[in-house]
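Reviewing the structure listed below.
There are 2 protein chains.
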Amino acid sequence: MPGPKNVAISNRQLAALPQKDYQQLLAYLKPVELEFGDILYEAGDQIRYVYFPEDCLVSLLTAVDANRAAEVGLVGSEGMIGVPVALGIFVSPFLAVVQGAGTALRMKTVDFRREFGKSAALQGALFRFTHLLMIQVAQTAACNRFHVVTQRLARWLLMTRDRVHANEFLLTQEFLGRMLGVRRVGVTAAASALQKLKLISYSRGNITIIDPAGLEAAACGCYETVNSLYAKAKRSGSKSDSRLKITISKK
Amino acid sequence: MPGPKNVAISNRQLAALPQKDYQQLLAYLKPVELEFGDILYEAGDQIRYVYFPEDCLVSLLTAVDANRAAEVGLVGSEGMIGVPVALGIFVSPFLAVVQGAGTALRMKTVDFRREFGKSAALQGALFRFTHLLMIQVAQTAACNRFHVVTQRLARWLLMTRDRVHANEFLLTQEFLGRMLGVRRVGVTAAASALQKLKLISYSRGNITIIDPAGLEAAACGCYETVNSLYAKAKRSGSKSDSRLKITISKK
DNA sequence: AGTTGTATGTACGGTTCCGCACATAAGTAC
DNA sequence: GTACTTATGTGCGGAACCGTACATACAACT
């Protein structure tokens, strides 16, 4: 049963915790300012901290070679960065890079892992989020296979919008190209198309979503597919079919 | 510490368990014959059973609409089908379809979930596998974005080879097209190219890998990237940085 | 006002893959 | 052998996107 609502807590994973479990974590959570472009982990890095975004946005990328990488996941205040730790893995498989500046609460991995063993609510929440992330990554795989740049761009803008809770954000086409794994001019063309349809406007990195509903229509169904699952998870909050109690055995 | 090697156990998740934990599961595990094309779950289905493949091969697919889906994961005797259950989720996000006939040991989800709560070794093994699956799905996302059909086909054949432990298998180009998310003729062209290079041979669904090393060279790096992580996980066996004890609270 | 740097737009030939239609070939049934 | 089904091969116009190069536009600084 969740405790009283922690209204001041902007990270949803933390907000969903019972008061007691949250208080327990609080001693270890330190706010950090994350800047655009900050790298939280390179692929293969030790995960020294886990992060609970408050109003920042973090992209997870998988590389295929030195020059080419594609975003496979996008995490904001609804989730956590460092999901592998919940699975007992302490090496990041992804490049995690800050895509929207803001604050996050972070915690040393060792502290988190210990507290994780004590809080069934935290376990449930993070296992569910891990599952959602898996779905998001898988949908991205299928989306990359079938959908054209314009649709993928529209989807990406909507996903970003959902996570920063704003219709305006700062992103160059060069950057968008890196996320979507296309040339900059590919983004130029797609963005121009969306602008001509009066769904977005942009100039020198400043992107504004003018018509969210129209943009959703221009996006592929992958947006709605994943989004509805996130929304469902949000509604069901900390309720779960599974209640686990995990303890880490000493040594 | 794992118990004596269970040499007769062909599923690696089960084989890695301590003798005691394995014996505990044995009462619930029933062998089933899986035929080509069998659907274990549709996307959105309740997960009524989890499956431990012995010599069969199962594809996980994500759909983007009624006609189009792409494979995002491939699971053989090294893994388990029904990973979400380990995360406390009992609905499959993927279509799970048998791609190579054979046997699997299966278990009712409710039984599995209960036993899962009792065996730290089982938890560790499955959490690690969940993580590997996440990596595989993510690599597929990036691969779909950047690599051409011939490379992806080569990668797919190698992945299949690793999982069925054979250089020969039965698969039509029509089927391969569905897995890779391309037209049949796209597969025809790619397969012809690989055959001309004397890396494979095929006729009417019968594919033989002639030159595994050459095929690997023709595949994209995604194969080696993921494969090395699987190999590493295999080597480290049931050793883990994390030892957890999970118990399911009553009600 | 002029300079510099960054962001965006345009152009072009080449490649990959699409959708579709039709042709061949290998196995299966009668 | 003939008919039928299944698997594979070929052809063709078009769309999307690539790599590259070059042009324009806005912003900030001097």
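Chains S and B are the protein sequences, given in the same order.
So the first sequence is numbered by our numbering: it starts at 4 and just counts up by one.
So the second sequence is numbered by our numbering: it starts at 4 and just counts up by one.
Note that beta-carbon positions come from the ideal geometry of N, C-alpha and C, so glycine has one too.
Inset, instruction - Taking C-beta pairs closer than 7 Å, name the residues in chain B that arginine 15 of chain S reaches, listed in chain order. - result: Along the first sequence, one-based indexing puts residue 15 of chain S at 12. By Cβ distance, chain B contributes nothing, its closest Cβ being about 17 Å from arginine 15 of chain S, past 7 Å.
Legend entry - Test item: CB-CB of leucine 179 of chain S and leucine 200 of chain S under 8 Å: Position 176 of the first sequence holds residue 179 of chain S. Position 197 of the first sequence holds residue 200 of chain S. Their beta carbons are not under 8 Å apart, which means leucine 179 of chain S does not touch leucine 200 of chain S by this criterion.
Inset, instruction - State buried or exposed for proline 96 of chain B, treating a residue as buried only when at least 16 other CB atoms are found within 10 Å of its CB. - result: For the purposes of this step, residue 96 of chain B is identified with residue 93 of the second sequence, where counting begins at 1. Burial call: buried.
Legend entry - Contact check, leucine 160 of chain S vs isoleucine 210 of chain S, beta carbons under 8 Å: Taking the first sequence and counting its residues from 1, one reaches residue 160 of chain S at position 157. Taking the first sequence and counting its residues from 1, one reaches residue 210 of chain S at position 207. Yes, Cβ-Cβ distance for leucine 160 of chain S and isoleucine 210 of chain S is below 8 Å.
Inset, instruction - Assuming valine 94 of chain B and aspartate 48 of chain B form a contact by the criterion Cβ under 8 Å, report the distance between their Cβ atoms to the nearest whole angstrom. - result: For the purposes of this step, residue 94 of chain B is taken as the residue at position 91 of the second sequence. For the purposes of this step, residue 48 of chain B is taken as the residue at position 45 of the second sequence. With 8 Å as the limit, valine 94 of chain B and aspartate 48 of chain B qualify as a contact, their Cβ atoms being about 7 Å apart.
Inset, instruction - Note down, in chain order, each residue of its chain lying with its Cβ closer than 6 Å to the Cβ of leucine 28 of chain S, except the 5 sequence neighbours on either side. - result: Translated into positions along the first sequence, residue 28 of chain S becomes position 25. The answer, listed in chain order, is Glu118.
Legend entry - Neighbouring residues, chain B, relative to threonine 153 of chain S (Cβ below 8 Å): Locating residue 153 of chain S in the first sequence gives position 150, where the first residue counts as 1. What threonine 153 of chain S touches in chain B: nothing, since even the nearest Cβ is about 15 Å away.
Legend entry - Option nearest cysteine 223 of chain S by Cα separation, candidates B:Asp68, B:Ala46, B:Phe132: Within the first sequence, numbered from 1, the residue matching residue 223 of chain S stands at position 220. Nearest C-alpha to cysteine 223 of chain S: B:Asp68.
Inset, instruction - Could you check what DSSP says for glutamate 38 of chain B in three-state terms: helix, strand or coil? - result: Looking up residue 38 of chain B in the second sequence gives position 35. Coil.
Legend entry - Alpha carbon of proline 21 of chain S to alpha carbon of alanine 124 of chain S, nearest angstrom: Counting from 1 along the first sequence, the entry for residue 21 of chain S is found at position 18. Counting from 1 along the first sequence, the entry for residue 124 of chain S is found at position 121. Proline 21 of chain S and alanine 124 of chain S: Cα-Cα distance of roughly 7 Å.
Legend entry - Contact set for leucine 183 of chain B: own chain, Cβ-Cβ below 8 Å, skip 5 residues either direction: Position 180 of the second sequence, counted from the start, is the residue given in the question as residue 183 of chain B. Same-chain partners within the cutoff: Ala73, Glu74, Val152, Arg155, Leu156, Trp159, Gly189, Val190.
Legend entry - Extent of the continuous beta strand (DSSP E) to which phenylalanine 119 of chain S belongs: By 1-based counting over the first sequence, the position of residue 119 of chain S is 116. According to the DSSP assignment, phenylalanine 119 of chain S belongs to no beta strand (DSSP E) but to the alpha helix (DSSP H) extending over 112-121.
Inset, instruction - Compute the beta-carbon to beta-carbon distance between valine 52 of chain S and arginine 109 of chain S, rounded to the nearest angstrom, for a pair I have assumed lies under 8 Å. - result: For this step, residue 52 of chain S is matched to residue 49 along the first sequence. For this step, residue 109 of chain S is matched to residue 106 along the first sequence. One point to set straight first is that residue 52 of chain S is tyrosine, not valine, in the sequence displayed. Going by Cβ atoms, the distance from tyrosine 52 of chain S to arginine 109 of chain S rounds to 5 Å, so yes, they are a contact pair.
Legend entry - Straight-line gap, glutamine 176 of chain S to tyrosine 54 of chain B (C-alpha atoms, nearest Å): In the first sequence, the residue the question calls residue 176 of chain S occupies position 173. In the second sequence, the residue the question calls residue 54 of chain B occupies position 51. Each residue's Cα considered, the two are about 45 Å apart.
Inset, instruction - Output yes if chain S places a C-beta closer than 8 Å to the C-beta of leucine 90 of chain B; else output no. - result: Counting from one through the second sequence, the residue named residue 90 of chain B turns up at place 87. Answer yes: the Cβ-Cβ gap between leucine 90 of chain B and chain S drops below 8 Å somewhere.
Inset, instruction - Please classify arginine 15 of chain B: does DSSP put it in a helix, a strand, or coil? - result: Taking the second sequence and counting its residues from 1, one reaches residue 15 of chain B at position 12. Here arginine 15 of chain B sits in helix by DSSP.
Legend entry - Per-residue contacts from glutamine 142 of chain S into chain B (C-beta, under 7 Å): One-based indexing of the first sequence puts residue 142 of chain S at position 139. Per Cβ cutoff of 7 Å: Thr65.
Inset, instruction - Check each candidate in S:Gly82, S:Ser122, S:Arg131 and name the one with the smallest Cα separation from alanine 89 of chain B. - result: The sequence position of residue 89 of chain B within the second sequence is 86, counting from 1. It is S:Arg131.
Legend entry - Proximity of isoleucine 212 of chain B and arginine 166 of chain B at Cβ, strictly below 8 Å: Walking along the second sequence from the start, residue 212 of chain B turns up at place 209. Walking along the second sequence from the start, residue 166 of chain B turns up at place 163. No.
Inset, instruction - Please state whether DSSP places glutamate 45 of chain S in a helix, a strand or coil. - result: What you label residue 45 of chain S is simply residue 42 of the first sequence in a count that begins at 1. Residue state, collapsed to three classes: coil.
Inset, instruction - At 8 Å on the CB atoms, spell out the chain S contacts of arginine 131 of chain B, in chain order. - result: Locating residue 131 of chain B in the second sequence gives position 128, counting from the first residue. Under the 8 Å cutoff, chain S gives Leu90, Gly91, Ile92.
Inset, instruction - Per DSSP, which residues does glutamate 74 of chain B bridge with? Please list them. - result: In the second sequence, residue 74 of chain B corresponds to position 71, counting from 1. The partner list for glutamate 74 of chain B (beta bridge, DSSP) reads B:Leu64.
Legend entry - Proximal residues, the stretch 47-78 of chain S versus chain B, C-beta separation under 9 Å: Leu63, Leu64, Thr65, Ala66, Val67, Asp68, Arg71, Ala72, Ala73, Glu74, Val75, Gly76
Legend entry - Partner residues on chain S for isoleucine 138 of chain B, Cβ-Cβ distance less than 9 Å: In the second sequence, the residue the question calls residue 138 of chain B occupies position 135. The contacting residues are Thr65, Pro96, Phe97.
Inset, instruction - Measuring only between beta-carbons, confirm whether proline 21 of chain B sits less than 8 Å from chain S. - result: Translated into positions along the second sequence, residue 21 of chain B becomes position 18. It does not: the Cβ of proline 21 of chain B has no partner Cβ on chain S nearer than 8 Å.
Inset, instruction - Could you tell me which chain S residues have their CB closer than 7 Å to the CB of proline 87 of chain B, listed as they occur along the chain? - result: Taking the first residue of the second sequence as position 1, residue 87 of chain B is located at position 84. Chain S residues near proline 87 of chain B: His134.
Inset, instruction - Kindly indicate which residue of S:Asn170, S:Gly208, S:Leu135, S:Ile203 has the alpha-carbon position closest to the one of arginine 187 of chain S. - result: Counting from one through the first sequence, the residue named residue 187 of chain S turns up at place 184. Comparing Cα-Cα distances from arginine 187 of chain S to each of S:Asn170, S:Gly208, S:Leu135, S:Ile203, the minimum goes to S:Gly208.
Inset, instruction - Run through the stretch 152-193 of chain B for me and flag every whole beta strand (DSSP E) of 3 or more residues, listed as ranges in chain order. - result: Here the runs fully enclosed are 171-173.
Inset, instruction - Going by CA-CA distance only, name the one from B:Pro87, B:Phe149, B:Leu173 that's closest to histidine 134 of chain B. - result: Here residue 134 of chain B refers to the residue found at position 131 when the second sequence is read from its first residue. The shortest C-alpha separation from histidine 134 of chain B is found at B:Pro87.
Inset, instruction - Please go through the same chain and pick out, in chain order, the residues whose beta-carbon is closer than 6 Å to the beta-carbon of serine 122 of chain S, but skip the five residues on each side of it. - result: For this step, residue 122 of chain S is matched to residue 119 along the first sequence. Cβ within range, chain order: Asp24.
Inset, instruction - Label arginine 255 of chain B either buried or exposed according to how many other C-beta atoms from any shown protein chain fall within 10 Å of its C-beta, with 16 as the threshold for buried. - result: A question about residue 255 of chain B goes unanswered here, because the residues of chain B that appear run from 4 up to 254.
Inset, instruction - Please decide whether arginine 238 of chain S counts as near chain B, where near means a Cβ-Cβ distance under 8 Å. - result: Here residue 238 of chain S is taken as the residue at index 235 of the first sequence, counted from 1. False, the Cβ-Cβ gap to chain B never drops below 8 Å.
Legend entry - serine 239 of chain B - DSSP class collapsed to helix/strand/coil: Locating residue 239 of chain B in the second sequence gives position 236, counting from the first residue. Here DSSP, grouped into helix, strand and coil, assigns serine 239 of chain B to helix.
Inset, instruction - Please go through the same chain and pick out, in chain order, the residues whose beta-carbon is closer than 7 Å to the beta-carbon of leucine 202 of chain B, but skip the five residues on each side of it. - result: To locate residue 202 of chain B, count along the second sequence from 1; it is residue 199. Within the same chain, Ile213, Asp214, Gly217, Leu218, Ala221 come within 7 Å of leucine 202 of chain B by CB-CB distance, once the 5 residues on both sides are set aside.
Legend entry - Own chain, CB closer than 7 Å to serine 62 of chain B, minus 5 neighbours either side, in chain order: Stepping through the second sequence from its first residue, residue 62 of chain B is reached at position 59. Counting only Cβ-Cβ distances below 7 Å, and skipping sequence neighbours, we find Glu74, Leu77, Val100, Gln102, Met182.
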